[in-house]
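Peer 1:
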Amino acid sequence: MDEMNLPEEIVKRKMAFQPPADGKTAMVRGCEVFYREKGTGPVLLYIHGNLGYHGWFNDLMDIPGYRTIAPDMPNFGFSGRIESSEVEDYAAYLLDFLEVLGVGSAVVTGHSLGGCVAQSMAVKKPDSVKKMILIDSGSYKGLHTPEESYPIFEQYKVNYQFLKAALSAIMPQLEEGKRKEELVDGALLMSHHCYVGHARSLSRFDLTGKTGLQGIPVLVIRGEDDILITSEMAEETAEAWKGALHILPSSGHSPLVEVPETFKTLMMEFLD
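With the first letter of the sequence shown counted as 1, position 5 gets the number 5 in full-length UniProt numbering; the numbers rise by one all the way through.
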């Protein structure tokens with residue numbers, strides 16, 4: 001689907017949505033990866049979720065004593081496009097991204113789909129992951145989506161209000177306003193083949209027998225009102241990684257934007 005076939009409202013929103021002035025780029029496997037960074041010290045790598053981009057971590061860039069790096073994965077935001085929409089491939093790109101930046105290892109924090117990407121990174125190259133924080137992440141066994149849901153995902157490409165309603169449902173504590181509009185507009189930048197591609201990839205994702213062997217400290221965080229990730233999924237992921245589980249009250253699937261200060265406090269306690 002090209003831009004000419006999109007509703008005028010969506011085209012205008014995509015054209016108006018511009019990268020921040022302090023953004024940077026790195027060439028990774030021939031793909032330009034856009035990112036923001038702030039601070040100095042050990043690296044804290046943020047990995048956004050499906051329909052996301054680096055802006056989901058805007059409230060978490062100031063972490064004392066850390067160099068925070070928030071990239072747009074390939075196919076998202078202001079980064080380049082690749083044909084694949086596989087979790088494993090995103091993990092490989094981010095591992096190479098760290099290498100391009102000269103980062104030997106990082107604390108890796110992944111939200112939703114990004115949590116599965118983080119887990120894949122830890123399995124592929126354990127020495128690159130000092131600690132791991134999984135925020136309402138897909139399970140180590142992935143996330144199955146019923147086949148009847150795929151036509152709904154296709155509608156997100158062309159129906160702005162439908163997309164906004166879907167995102168609002170996974171961040172119920174974020175009020176209407178500029179911040180929410182930014183997150184929805186950022187979602188419009190995701191490659192069209194990923195709307196279904198990511199769901200299929202998560203359905204195939206399975207790290208059974210590969211987790212918990214790396215000796216990586218892991219914190220699994222779940223918003224109490226998450227409608228996507230069940231408490232059982234969060235518990236089994238924490239157990240698989242021999243990590244800790246923390247439930248955040250008054251939050252849905254996205255505590256990093258719903259209750260950022262509470263989330264930041266919890267994250268810093270784990271980091272210290």
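Note that beta-carbon positions come from the ideal geometry of N, C-alpha and C, so glycine has one too.
(1) Tell me which residue opens and which closes the alpha helix (DSSP H) that residue 278 is part of.
(2) What are the boundary residues of the alpha helix (DSSP H) that includes M267?
(3) Tell me the DSSP secondary structure of M15 in three-state form.
(4) If we call anything under 8 angstroms between Cβ atoms a contact, is A187 one with L60?
(5) Mind checking whether M171 and E258 have CB atoms under 8 angstroms apart?
(6) Reducing DSSP to helix, strand and coil, say where S250 ends up.
(7) Tell me which same chain residues have a C-beta within less than 8 angstroms of the C-beta of P42, skipping the five on either side of it?
(8) Count the other C-beta atoms from every protein chain shown that fall within 10 angstroms of the C-beta of I133, then say buried if there are 16 or more, exposed otherwise.
(9) On the three-state DSSP scale, how would you describe K157?
(10) Helix, strand or coil for P71? Go by DSSP, reduced to three states.
(11) What would DSSP say about K125, mapped onto helix, strand or coil?
(12) At what residues does the beta strand (DSSP E) containing E200 begin and finish?
Peer 2: According to the structure shown:
(1) Residue numbering for the chain in the displayed model covers 1 to 272; residue 278 lies beyond these limits and cannot be assessed.
(2) For the purposes of this step, residue 267 is taken as the residue at position 267 of the sequence shown. Unbroken alpha helix (DSSP H) run through M267: 260 to 271.
(3) Position 15 of the sequence shown, counted from the first residue, corresponds to residue 15. Note: M15 maps to helix in three-state DSSP.
(4) Counted from its first residue, the sequence shown places residue 187 at position 187. Counted from its first residue, the sequence shown places residue 60 at position 60. It is not a contact, given that the beta carbons lie outside the stated cut-off.
(5) Start at 1 with the first residue of the sequence shown, and residue 171 comes out as number 171. Start at 1 with the first residue of the sequence shown, and residue 258 comes out as number 258. A contact, by the Cβ cut-off of 8 angstroms.
(6) What you label residue 250 is simply residue 250 of the sequence shown in a count that begins at 1. Three-state result, S250: coil.
(7) Indexing the sequence shown from 1 puts residue 42 at position 42. Cβ neighbours of P42 beyond the five flanking positions: G65, Y66, R67, A106, V107, K130.
(8) Reading the sequence shown from its first residue, position 133 is the one you call residue 133. I133 should be labelled buried.
(9) Start at 1 with the first residue of the sequence shown, and residue 157 comes out as number 157. Coil.
(10) For this step, residue 71 is matched to residue 71 along the sequence shown. Here P71 sits in strand by DSSP.
(11) The residue given as residue 125 occupies position 125 in the sequence shown. The answer is coil: DSSP assigns K125 none of H, G, I, E or B.
(12) Counting from one through the sequence shown, the residue named residue 200 turns up at place 200. In the sequence as displayed, the identity of residue 200 is Arg instead of Glu. Element bounds for R200: not the beta strand (DSSP E) but the alpha helix (DSSP H), 194 to 204.
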